[in-house]
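Residue numbers (our numbering), protein chains in the order written: chain A, 553 to 818; chain B, 386 to 532.
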């Protein structure tokens with residue numbers, strides 16, 4: 553057995569002792585300390601890293617370009633473009649994706665970036681909402697996300713706490729036929745190999761991103777759906793409050809890490 | 386989790402046609418299930434095929450083992466080499482049927498349990514990961530792993 557596993561075992565024993573002494577609440581999930589947080593970028597081959605780093609090689613840039621065109625195109629009964637209200641995205645959207653999901657005053661809940669864009673579609677442009685995992689919503693979200701590339705995630709808004717807690721609860725709860733929790737893989741066993749694949753820490757820093765295995769670009773929700781299906785759990789519906797809560801939790805967990813959108817992943 | 390893994394997992398399940406029969410009863414004695422769940426011992430060759438199949442046994446997602454032909458193995462769990470020397474047949478059976486009886490924090494899935502699980506995908510609901518016959522095949526194979 554590897555050293556890391558043994559020390560985690562030891563940690564668990566220690567924890568058990570503490571619980572027995574009434575020193576700690578009975579939760580066995582240890583979160584990843586800030587100094588040990590790693591983007592999956594660091595697990596990638598030099599070629600895949602270069603693909604992400606060089607705009608001319610990054611397939612996600614096609615969605616960025618498409619998003620830019622959509623940003624300037626008028627739509628809906630209001631016949632307004634995003635640019636009509638928000639002007640140039642490099643200024644108006646700088647840093648926005650780094651603090652999403654954000655708290656929505658009007659609705660009193662957390663809203664993710666895709667949800668926010670669709671609210672502008674329906675309420676401002678008076679147009680039908682864009683469909684999940686389709687070109688238009690992915691392109692606009694990637695274009696807005698791109699304006700935060702390199703900026704640190706800021707998930708500190710305390711009004712997000714309820715969503716973060718719901719997300720944490722989902723992340724640490726066992727589910728599916730295989731009876732696994734996200735945290736058992738991504739907190740307790742990152743760096744280990746799952747069928748030869750190095751287990752990442754599951755940071756949301758790169759989304760939407762181009763996944764070589766998908767041969768296309770996809771949202772964080774699509775990635776979460778993949779993990780849930782692998783656990784043989786019922787996936788949540790696209791746009792559900794559960795996915796927003798998981799994202800709010802993952803962003804809080806990745807607070808301070810730089811946005812990579814559009815990232816590339818194997 | 387790779388979606389190739391995933392797609393395979395789903396295809397495996399569809400092709401497996403697990404009839405939804407009630408689980409057989411079994412008796413736990415100490416840390417073991419001494420008697421075969423089906424009433425008879427399984428077939429080690431079939432067991433090996435289940436263990437190395439990433440869509441059926443899933444064992445090599447987490448474990449490594451003496452399977453030189455399998456390139457992609459896991460490092461989340463002990464190597465299966467020698468498992469049959471470390472544990473009796475009955476101890477192995479309980480570990481496959483439901484490891485959480487021995488270690489509540491285990492990540493090893495319960496292979497023969499349908500109760501106490503949450504949000505199981507519709508196509509797997511009410512079904513154990515392996516049938517009773519498959520459990521016995523796996524146990525029969527593991528007992529052959531003596532060194």
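All residues carry an ideal CB built from backbone N, CA and C; glycine is no exception.
Everything numeric in this text was worked out from a predicted model, so none of it was measured.
Give a yes or no on whether 7 Å exceeds the smallest Cβ distance from residue 517 of chain B to chain A. no
I'd like the list of long-range same chain contacts for residue 624 of chain A, defined as Cβ closer than 8 Å, with 5 residues on each side in sequence excluded. 633, 634, 635.
Looking at chain A, is there any beta carbon in it that lies within less than 7 Å of the beta carbon of residue 506 of chain B? yes
Return the bridge partner residues of residue 732 of chain A from the DSSP annotation. A:727
So, is the C-beta of residue 719 of chain A closer than 7 Å to a C-beta in chain B? So, not an interface residue.
Just to confirm my understanding: we take residue 485 of chain B, look at its own chain, exclude 5 residues before and 5 after, and list those with CB closer than 7 Å. What are they? 491, 495
Quick one: what's got a C-beta closer than 8 Å to residue 463 of chain B's C-beta in the same chain, skipping five residues either side? In its chain, beyond the 5 residues on either side, 448 have a beta carbon closer than 8 Å to the beta carbon of residue 463 of chain B.
Along the region 437 to 461 of chain B, what residues have a CB closer than 8 Å to any CB found in chain A? So the list reads 439, 443, 445, 446, 447, 456, 457, 458, 459, 460, 461, given in the order they occur along the chain.
Can you tell me the Cα-Cα spacing of residue 773 of chain A and residue 798 of chain A, whole angstroms? 9 Å
Between the C-alpha atoms of residue 438 of chain B and residue 682 of chain A, what's the straight-line distance to the nearest angstrom? If you take the alpha carbons of residue 438 of chain B and residue 682 of chain A, they lie about 40 Å apart.
CB contact below 7 Å: residue 495 of chain B versus chain A: yes
Does the CB of residue 530 of chain B have a neighbour CB from chain A at under 7 Å? no
Quick check: residue 450 of chain B and residue 434 of chain B, are their CB atoms within less than 7 Å of each other? No Cβ-Cβ contact shorter than 7 Å links residue 450 of chain B with residue 434 of chain B.
Is the shortest distance between the beta-carbon of residue 520 of chain B and the beta-carbons of chain A less than 7 Å? no
Assign residue 713 of chain A to one of three DSSP states: helix, strand, or coil. helix
When DSSP labels each residue in this structure, what does residue 693 of chain A get in the three-state scheme? In the structure shown, the three-state DSSP call for residue 693 of chain A is helix.
Since I believe residue 703 of chain A is in contact with residue 811 of chain A (beta carbons under 8 Å), could you give me their beta-carbon distance rounded to a whole number of angstroms? 6 Å
Secondary structure, alpha helix (DSSP H): runs of 4+ residues fully inside the region 413 to 484 of chain B: 429 to 437, 444 to 447, 468 to 471, 474 to 483
Determine, using beta carbons only, whether residue 658 of chain A comes closer than 7 Å to chain B. no
Let me know if residue 738 of chain A comes out buried or exposed under the rule of 16 or more other beta-carbons within 10 Å of its beta-carbon. buried
Count the C-beta pairs between the region 586 to 599 of chain A and the region 740 to 760 of chain A that are closer than 8 Å, then say yes if the count reaches three, no if not. yes
Determine the direct distance from the alpha carbon of residue 610 of chain A to that of residue 813 of chain A, and round the result to whole angstroms. 11 Å
Put residue 579 of chain A into one of helix, strand or coil per three-state DSSP. With a pLDDT of only 35 at residue 579 of chain A, under the threshold of 50, the placement of this residue in the model should not be trusted, and no figure is reported.
Spell out whether any CB of chain A is found under 7 Å from the CB atom of residue 525 of chain B. no
Nearest by alpha-carbon distance to residue 530 of chain B: which of B:460, B:480, B:412, B:452 is it? B:452
By Cβ distance, which residues of its chain are closer than 6 Å to residue 754 of chain A, with the 5 residues on each side in sequence left out? 738
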